[in-house]
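S.K.: Numbering (numbering that gives the first Met the number 0), first residue to last: 0 to 197. I am attaching a structure below and will ask some questions about it afterwards.
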Amino acid sequence: MVQIQGQAVPTLAASHAYNPGGTTYNSSGNNDGSGLTQDWYIHTQSVDAAYVRVNDYNYSVSTPTVVPAVTNSHIEFTYTVHTSDEIILNGNFNGDLVVLQKLELMTNADASVGFGTQGVVNTSAVGYLRRAVLEDENGIITDPEGTCTKTNVINLDLTPGTFDESFDSSANITGVLGQLVGQLPSDCETFSIHLVDL
């Protein structure tokens with residue numbers, strides 16, 4: 000059985016102008032931050048994935064005595080993305096709130112390596128956005144409502160030849176996860192890549 004180890008995904012949290020912990024509020028729309036009763040839009044999102052490293056073979060060169068050649072390898076992610084969009088009528092909140100979605104990588108590789116050959120990516124903090132609703136010139140709320148949950152598969156991190164740990168650097172974790180996150184709005188259209196702390 001393969002040992003799975005957890006490691007934090009490198010983030011740029013210190014560079015954000017707001018506090019993901021939610022202790023800093025900004026006024027929203029016509030709300031002055033004093034807890035004015037109004038209509039609010041609330042969005043939450045998450046994604047969880049399992050992955051395995053897969054070798055791609057060139058079967059055209061195989062014979063009964065020659066095994067097919069490995070042309071490259073990639074990571075196959077099977078993921079589930081979820082979003083929820085809700086309108087709260089006549090709610091009373093202190094103001095806007097943004098909590099960044101955080102991801103955690105658990106892999107069978109050493110923490111200094113990268114993805115390894117298998118592992119999972121979990122949402123360790125759900126992305127959350129609260130703000131005043133948007134309305135058209137007739138006062139009709141234009142923000143979306145509803146939930147979306149989709150499961151899909153995507154292949155990323157193409158490397159030449161058989162999997163080689165020297166290509167599996169912790170430096171490429173953020174880029175590959177960024178590609179995964181960039182795919183998610185095509186599954187659930189209200190998923191916001193800007194709410195993910197990468």
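Idealized CB from N, CA, C, for every residue including glycine.
Suppose you measure from the CA of S185 to the CA of P67; what does that come to, to the nearest Å?
M.R.: Looking at the two C-alpha atoms, the distance is approximately 35 Å.
S.K.: Would you check if the stretch 169 to 180 and the stretch 134 to 151 touch, i.e. whether three or more CB-CB distances between them fall below 8 Å?
M.R.: With a cut-off of 8 Å, the stretch 169 to 180 and the stretch 134 to 151 do not count as touching, because too few Cβ pairs lie within range.
S.K.: Which runs of the alpha helix (DSSP H), 4 residues or longer, sit entirely within the stretch 135 to 189?
M.R.: With a minimum length of 4 residues, the continuous alpha helix (DSSP H) runs that stay inside the stretch 135 to 189 are 172 to 182.
S.K.: Determine the DSSP secondary structure at L133, reduced to helix, strand or coil.
M.R.: L133: coil per DSSP, three-state reduction.
S.K.: With a CB to CB cut of under 7 Å and the five nearest residues on each side skipped, what residues in its chain are close to G21?
M.R.: In this prediction, G21 scores a pLDDT of 46, lower than 50, which makes its location untrustworthy; the coordinate-derived value is nonetheless stated afterwards. Cβ neighbours of G21 beyond the five flanking positions: L96 and V98.
S.K.: Less than 7 Å between C-beta atoms, sequence neighbours within five positions excluded: which residues of the same chain meet that for V53?
M.R.: For V53, where only same-chain residues beyond five positions count, the Cβ hits under 7 Å are S72, H73 and E75.
S.K.: Determine the contact status of Q100 and L194, defining contact as a CB-CB distance below 7 Å.
M.R.: Yes, they are a contact pair.
S.K.: Taking DSSP as the reference, what is the three-state secondary structure of L128?
M.R.: Strand, per DSSP.
S.K.: Write down every uninterrupted run of the beta strand (DSSP E) in the stretch 76 to 118 whose length is 3 residues or greater and which is fully enclosed by it, in chain order.
M.R.: You should have 96 to 98 and 101 to 106.
S.K.: Taking 7 Å as the threshold (C-beta atoms), are T122 and D47 in contact?
M.R.: Contact: yes.
S.K.: Hey, E164 and V112 are a contact pair by Cβ (cut 8 Å); roughly how many whole angstroms apart?
M.R.: The pair is a contact, with the Cβ atoms about 6 Å apart (cut-off 8 Å).
S.K.: On a CA-only basis, which of V80, P63 and L133 is nearest I153? Give me that one, please.
M.R.: If we check each option's Cα against that of I153, V80 comes out closest.
S.K.: Exposed or buried, which one is D167 when buried takes at least 16 other CB atoms within 10 Å?
M.R.: It is buried - the Cβ of D167 has at least 16 other Cβ atoms within 10 Å.
S.K.: Over what stretch of residues does the beta strand (DSSP E) that includes I191 continue unbroken?
M.R.: Note that residue 191 is Ser in the sequence shown here, rather than Ile. Run containing S191: none; DSSP gives neither H nor E here.
S.K.: Could you compute how far the alpha carbon of V69 sits from the alpha carbon of V51?
M.R.: Roughly 16 Å between the two C-alpha positions.
S.K.: What number of angstroms, rounded off, separates the C-alpha of I86 from the C-alpha of L133?
M.R.: The straight-line gap from Cα to Cα measures roughly 10 Å.
S.K.: How is the beta strand (DSSP E) around V53 delimited, first residue to last?
M.R.: Here the beta strand (DSSP E) through V53 covers T36 to N57.
S.K.: Taking the CB atoms as reference points, tell me whether D142 and Y78 lie closer together than 7 Å.
M.R.: No, the pair does not count as a contact, with Cβ atoms beyond the cut-off.
S.K.: Quick check on the burial criterion: 16 or more other C-beta atoms within 10 angstroms. Buried or exposed for A170?
M.R.: A170 comes out exposed.
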